[in-house]
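The listed protein sequences derive, respectively, from chains A, B, C and D.
Note that numbering that gives the first Met the number 0 has the first sequence beginning at 0, numbered continuously upward.
Note that numbering that gives the first Met the number 0 has the second sequence beginning at 0, numbered continuously upward.
Note that numbering that gives the first Met the number 0 has the third sequence beginning at 0, numbered continuously upward.
Note that numbering that gives the first Met the number 0 has the fourth sequence beginning at 0, numbered continuously upward.
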Amino acid sequence: MTTAAHPPIYLDYAASTPLDRRVLDAMLPLMVEDGLHANPASSHGPGFRARAAVEKARAQVAALIGAEPGEIIWTSGATESNNLAIKGALEFRGLTQAHVVTSRTEHKCVLDTCRHLETRGVRVTYLKPGALGLVTPEQVIDALTPDTALVSLMWVNNEIGTVHEIERLAPLLRERGVLFHVDAAQAAGRVAIDLSQVPVDLMSLSAHKAYGPKGIGALFVRRRPRARLAPQIHGGGHEQGMRSGTLAPHQIVGMGAAFEILQREGAAEAQRLAALRDRLWAGLQSLPQLHRNGDPMRSAPHVLNVSFEGVEGESLRASLPDLAVSSGSACSSATQEPSYVLRALGRDDELANASLRFSVGRRSTEAEIDAAAARVCQQVRRLREISALWD
Amino acid sequence: MTTAAHPPIYLDYAASTPLDRRVLDAMLPLMVEDGLHANPASSHGPGFRARAAVEKARAQVAALIGAEPGEIIWTSGATESNNLAIKGALEFRGLTQAHVVTSRTEHKCVLDTCRHLETRGVRVTYLKPGALGLVTPEQVIDALTPDTALVSLMWVNNEIGTVHEIERLAPLLRERGVLFHVDAAQAAGRVAIDLSQVPVDLMSLSAHKAYGPKGIGALFVRRRPRARLAPQIHGGGHEQGMRSGTLAPHQIVGMGAAFEILQREGAAEAQRLAALRDRLWAGLQSLPQLHRNGDPMRSAPHVLNVSFEGVEGESLRASLPDLAVSSGSACSSATQEPSYVLRALGRDDELANASLRFSVGRRSTEAEIDAAAARVCQQVRRLREISALWD
Amino acid sequence: MNESMGLPTHDADHDRDDASEAALLNAFGYPEPVWQRFVDAPRAGRFDASTPGVVSGRAGTPAARSVLSLQMQFDEHGRVVDARFRAYGCPSSIAVGAWIAEWSLGRSTDDMTGLSASTLRRELEIPEDRAHCALMGEDALRDLLNRYREKLT
Amino acid sequence: MNESMGLPTHDADHDRDDASEAALLNAFGYPEPVWQRFVDAPRAGRFDASTPGVVSGRAGTPAARSVLSLQMQFDEHGRVVDARFRAYGCPSSIAVGAWIAEWSLGRSTDDMTGLSASTLRRELEIPEDRAHCALMGEDALRDLLNRYREKLT
Ligand SMILES: Cc1ncc(COP(=O)(O)O)c(C=O)c1O
Ligand SMILES: Cc1ncc(COP(=O)(O)O)c(C=O)c1O
Numbered sequence: 000m001t002t003a004a005h006p007p008i009y010l011d012y013a014a015s016t017p018l019d020r021r022v023l024d025a026m027l028p029l030m031v032e033d034g035l036h037a038n039p040a041s042s043h044g045p046g047f048r049a050r051a052a053v054e055k056a057r058a059q060v061a062a063l064i065g066a067e068p069g070e071i072i073w074t075s076g077a078t079e080s081n082n083l084a085i086k087g088a089l090e091f092r093g094l095t096q097a098h099v100v101t102s103r104t105e106h107k108c109v110l111d112t113c114r115h116l117e118t119r120g121v122r123v124t125y126l127k128p129g130a131l132g133l134v135t136p137e138q139v140i141d142a143l144t145p146d147t148a149l150v151s152l153m154w155v156n157n158e159i160g161t162v163h164e165i166e167r168l169a170p171l172l173r174e175r176g177v178l179f180h181v182d183a184a185q186a187a188g189r190v191a192i193d194l195s196q197v198p199v200d201l202m203s204l205s206a207h208k209a210y211g212p213k214g215i216g217a218l219f220v221r222r223r224p225r226a227r228l229a230p231q232i233h234g235g236g237h238e239q240g241m242r243s244g245t246l247a248p249h250q251i252v253g254m255g256a257a258f259e260i261l262q263r264e265g266a267a268e269a270q271r272l273a274a275l276r277d278r279l280w281a282g283l284q285s286l287p288q289l290h291r292n293g294d295p296m297r298s299a300p301h302v303l304n305v306s307f308e309g310v311e312g313e314s315l316r317a318s319l320p321d322l323a324v325s326s327g328s329a330c331s332s333a334t335q336e337p338s339y340v341l342r343a344l345g346r347d348d349e350l351a352n353a354s355l356r357f358s359v360g361r362r363s364t365e366a367e368i369d370a371a372a373a374r375v376c377q378q379v380r381r382l383r384e385i386s387a388l389w390d
Numbered sequence: 000m001t002t003a004a005h006p007p008i009y010l011d012y013a014a015s016t017p018l019d020r021r022v023l024d025a026m027l028p029l030m031v032e033d034g035l036h037a038n039p040a041s042s043h044g045p046g047f048r049a050r051a052a053v054e055k056a057r058a059q060v061a062a063l064i065g066a067e068p069g070e071i072i073w074t075s076g077a078t079e080s081n082n083l084a085i086k087g088a089l090e091f092r093g094l095t096q097a098h099v100v101t102s103r104t105e106h107k108c109v110l111d112t113c114r115h116l117e118t119r120g121v122r123v124t125y126l127k128p129g130a131l132g133l134v135t136p137e138q139v140i141d142a143l144t145p146d147t148a149l150v151s152l153m154w155v156n157n158e159i160g161t162v163h164e165i166e167r168l169a170p171l172l173r174e175r176g177v178l179f180h181v182d183a184a185q186a187a188g189r190v191a192i193d194l195s196q197v198p199v200d201l202m203s204l205s206a207h208k209a210y211g212p213k214g215i216g217a218l219f220v221r222r223r224p225r226a227r228l229a230p231q232i233h234g235g236g237h238e239q240g241m242r243s244g245t246l247a248p249h250q251i252v253g254m255g256a257a258f259e260i261l262q263r264e265g266a267a268e269a270q271r272l273a274a275l276r277d278r279l280w281a282g283l284q285s286l287p288q289l290h291r292n293g294d295p296m297r298s299a300p301h302v303l304n305v306s307f308e309g310v311e312g313e314s315l316r317a318s319l320p321d322l323a324v325s326s327g328s329a330c331s332s333a334t335q336e337p338s339y340v341l342r343a344l345g346r347d348d349e350l351a352n353a354s355l356r357f358s359v360g361r362r363s364t365e366a367e368i369d370a371a372a373a374r375v376c377q378q379v380r381r382l383r384e385i386s387a388l389w390d
Numbered sequence: 000m001n002e003s004m005g006l007p008t009h010d011a012d013h014d015r016d017d018a019s020e021a022a023l024l025n026a027f028g029y030p031e032p033v034w035q036r037f038v039d040a041p042r043a044g045r046f047d048a049s050t051p052g053v054v055s056g057r058a059g060t061p062a063a064r065s066v067l068s069l070q071m072q073f074d075e076h077g078r079v080v081d082a083r084f085r086a087y088g089c090p091s092s093i094a095v096g097a098w099i100a101e102w103s104l105g106r107s108t109d110d111m112t113g114l115s116a117s118t119l120r121r122e123l124e125i126p127e128d129r130a131h132c133a134l135m136g137e138d139a140l141r142d143l144l145n146r147y148r149e150k151l152t
Numbered sequence: 000m001n002e003s004m005g006l007p008t009h010d011a012d013h014d015r016d017d018a019s020e021a022a023l024l025n026a027f028g029y030p031e032p033v034w035q036r037f038v039d040a041p042r043a044g045r046f047d048a049s050t051p052g053v054v055s056g057r058a059g060t061p062a063a064r065s066v067l068s069l070q071m072q073f074d075e076h077g078r079v080v081d082a083r084f085r086a087y088g089c090p091s092s093i094a095v096g097a098w099i100a101e102w103s104l105g106r107s108t109d110d111m112t113g114l115s116a117s118t119l120r121r122e123l124e125i126p127e128d129r130a131h132c133a134l135m136g137e138d139a140l141r142d143l144l145n146r147y148r149e150k151l152t
């Protein structure tokens, strides 16, 4: 075996997933030359057919989360959905005097959006999670002020997999009349979501975290009671005026197909992934001085985040070219700064830096997990032996 | 022949184009299960490979318009590009006291963006074009004030095909230090664009108007002198901090492949399309009382817009179910309001409403054009005979 | 333009070439009673100026993009023996004209006085957002009946 | 931990199983001289405490995520007969340690006094943004030479 010929073991499903073959099959009819290539906003036969495909997908996405089709707004991904939800809700309400509650471990796109709003006069409270990464409903409720317009809390953390208690928090916020936005990019299909029971107002979704195509996402916008948003992309008034721009039916149909598969297979798959995740953790136990990041009791099935004492992060990553894993989130790994999420949990810089996020997925196998664990053990041992800090 | 079995003659390439088969072939390797499915922001082998595919496409898009790869920012389409260019430039500069010059015949997404900026204190001048749809460089220069921060003018109008004199206007604005944004969604590949010679600062592009996939576009942002923008979608800082969100390599590679084809074939194709457009116009001449909308001397090769006296627009469209044509732009045809573009040219409501935009493309044939012309003549005659206004 | 105009009539004698057959596709989903009358446009046209006993009625304006003109030929007993319509407007307006012309045959002015927009809407399945087309039909018929009475007096 | 540590050395006697061969893939594009020394880590480790004539030097801090520790064994003529390094840090820091240990063999303290960060950067093709790794090498060696001189006096 030479590595050039063999792709690395892919354990980065939380960064992005491959397209499921069945999703591709659903997309192709909209991409072939004699396919449904019209603009779904066009008023003619081909346009109507493209529109019908879009609406079918809307129903598929809605079904997975217990929503109505009319509550699904297409976007270019969860980044845009998060921007639209947070800025849109705040702008609609008027920015002055508004207060937002969120957490320090949100995805960068939520934090960056909040920081932008701060420059426009919004006050933001960034809650510090406990050592296991959990922000409790009680913390959120305690942080509310009479001006609080919005709470934004992710369902599943992308770096450490912690699952927040959205079901418990949502009714508390509804009672108090505070709008609740949830970033569910990592949650859809991995934890059960039923918005007909859980009074979340706005929820962000992404296709490419769930075996659908990259570049398409959705925002759930509740109709009863109606969550109102100022559009962030202005134009022809598509998507109920909330998001303009020509719809991309092949992408949308891909997201619909991906979510339809999740609805059928998600629960069984989550069990299988949790077992693989646990197998990986077990496989690493021959190494001393490991730290698991996140809450093992409230963990999404696909994520295992581990800090390795006594090794430096960049060398650790460089030693594992045959494993596609992440350190921190995809977005922050280019800069190689220690993960802000791990630091929010209280990890020191060195441990935060020497951590790996393994995330398993639909195509992960036990053999891959075992090979990955062996490889990590071998390389951590090697680096510890070289290390000037390890005795 | 029954129409249910035969798709209509597609003459709506200005609304959207089918994917070129070669574009699909370029996209597929990024969509199959063992393909380049990683997140291009990920720091590992698969991520680097996805990133390389993205960068190759960036160079292809840049090449078509005489730009450098680093001047191309990926977006979800021209709607987003126009939003980013206009709002981004204005916000970067500070909105207070700013003045924008644009035209009444811009795409809805430009007009809507400008109207939004007006609510935030920006002053906007909407220039009225001449009867042929042209806004002259002189009109633009006359409208400048010391506060003018930005001029936004489309290269090719999507409804009437009029080609603006961007080459002549750009240096005049550069001399005066006014930022110049051009919506080139309809222009790319249909008119020659060389930004190494034409000092445009910001230019919007869309893949799906050019045989690439829907849901992907780009914004050209000049580096020397540097055009600066406030991001409109906040997050991980992708795309030089101007546009966050996970990149969609299959979509991006599709846009790259589409633009590469345009570079090789665009000039010859433009000639062929102009001939088809002229053939269609000739084929309609057996009907009296036609009005061609737009400037025949400065017309993009793919668009022919005609108003038919004595017929009502909705009945005209209903009579032509076997032609996929547009009345006004795709976005406005759902509402069936008379086109604001045609009204800006001075057409009365009735004529504006009774108009069709035919747009030809890569797969249009002479036989299709002849059949379409015959069909339109037949139906216009029929409706005129029914009409209470025609004698 | 002469009386018959070579227009398609409801006995569908128009030529069955590809293009006109294609016109049967109701791509925009109009109600079937509207669609058939729009496609066939039976009794579209007007009487020759020399035709005796013809009374006209009109409603609508070009600016509203709806004009309906009705003509009915009455016999000595005040019954309609033939009728024509012309319409500039959406398919529903055309269908309203065709429906009234057809319906009027053999009726007296008294028979016709009761025709309301709501009857037209029910008969043609015209939706709420096209109610104005039915109103225009009611108005054009009322105009015609008024003129008939003016003529009598 | 003993002197040899079973670590891969530059004569590449490490076992050629799948996994370790895979480690040869320089996926992040490190400069070749850095990459080879990072992978092979020749002379990584430290001398047994009983080894005579050993002088140590150290630079860097854990907080900066770079610590380099050098050991050299001198003969009676003041020449290096053997050397070891240990490094906690990025691949460049590890390569710097390996390079200095290798390079020191047979040299006297005078020979080594001139070694500058810029030489290290040139020899290992270390880019600007990793210049601090070369500086740490220079510092660790200077620390070692200072201790050697202290020992002599
Ligand atoms: C929790 C979370 N939110 C938002 C995003 C952004 O989603 P997208 O890649 O669709 O823009 C991601 C992934 O990048 C994520 O993991
Ligand atoms: C001139 C012009 N600008 C902008 C757009 C919007 O582009 P997109 O469909 O990529 O959002 C279009 C087409 O819809 C257009 O024709």
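Even for Gly, the Cβ is constructed at its ideal location relative to N, Cα and C.
Proximity test, residue i beta-carbon vs ligand 1 heavy atom, cut-off 8 Å
| i | result |
| --- | --- |
| residue 50(D) | no |
| residue 106(A) | yes |
| residue 86(A) | no |
| residue 184(A) | yes |
Residue range of the unbroken beta strand (DSSP E) whose run includes residue i
| i | result |
| --- | --- |
| residue 260(B) | Not the beta strand (DSSP E): residue 260(B) falls in the alpha helix (DSSP H), residues 248 to 282. |
| residue 111(C) | Unbroken run through residue 111(C) is the alpha helix (DSSP H), 108 to 112; no beta strand (DSSP E). |
Neighbourhood of residue i by C-beta, 8 Å cutoff - its chain only, sequence neighbours within 5 removed
| i | result |
| --- | --- |
| residue 142(A) | 100, 124 and 126 |
| residue 22(B) | 210, 211, 212, 253, 256, 257 and 260 |
Same chain only: Cβ atoms within 6 Å of residue i, ignoring 5 sequence neighbours per side
| i | result |
| --- | --- |
| residue 303(B) | 276, 279, 280 and 357 |
| residue 237(A) | 243 |
| residue 329(A) | The pLDDT assigned to residue 329(A) is 44, lower than 50, so where the model puts this residue is not dependable; a value taken from the coordinates is nonetheless given after this. Once the five neighbours on either side are set aside, the close Cβ partners of residue 329(A) are 14. |
Other residues of its chain near residue i: CB distance less than 7 Å, five sequence neighbours each side excluded
| i | result |
| --- | --- |
| residue 45(D) | 70, 83 and 85 |
| residue 111(C) | 103, 140 and 144 |
| residue 222(A) | 67, 69 and 70 |
Within chain A, partners of residue i - CB distance below 7 Å
| i | result |
| --- | --- |
| residue 89(D) | 311, 313 and 314 |
Interface partners of residue i on chain D, CB under 7 Å
| i | result |
| --- | --- |
| residue 388(A) | 61, 66 and 87 |
Cβ separation of residue i and residue j, assumed to be a contact under 8 Å, to the nearest whole Å
| i | j | result |
| --- | --- | --- |
| residue 169(B) | residue 208(B) | That belief does not hold up - the Cβ atoms of residue 169(B) and residue 208(B) are roughly 22 Å apart, past 8 Å. |
| residue 20(A) | residue 311(B) | Actually they are not in contact, since the Cβ atoms of residue 20(A) and residue 311(B) sit about 49 Å apart, beyond 8 Å. |
| residue 348(A) | residue 7(A) | The Cβ separation is near 27 Å, so there is no contact. |
Chain C contact residues for residue i, given Cβ-Cβ distances below 8 Å
| i | result |
| --- | --- |
| residue 233(A) | What residue 233(A) touches in chain C: nothing, since even the nearest Cβ is about 26 Å away. |
Range covered by the alpha helix (DSSP H) that runs through residue i
| i | result |
| --- | --- |
| residue 85(A) | 77 to 92 |
| residue 173(B) | 165 to 174 |
Near ligand 2: residue i beta-carbon under 8 Å from a heavy atom
| i | result |
| --- | --- |
| residue 187(B) | no |
| residue 313(A) | no |
Within chain C, partners of residue i - CB distance below 9 Å
| i | result |
| --- | --- |
| residue 236(A) | Here the premise fails: no neighbours, minimum Cβ distance about 18 Å. |
| residue 43(A) | 26 and 27 |
Within chain B, partners of residue i - CB distance below 7 Å
| i | result |
| --- | --- |
| residue 40(C) | 385 |
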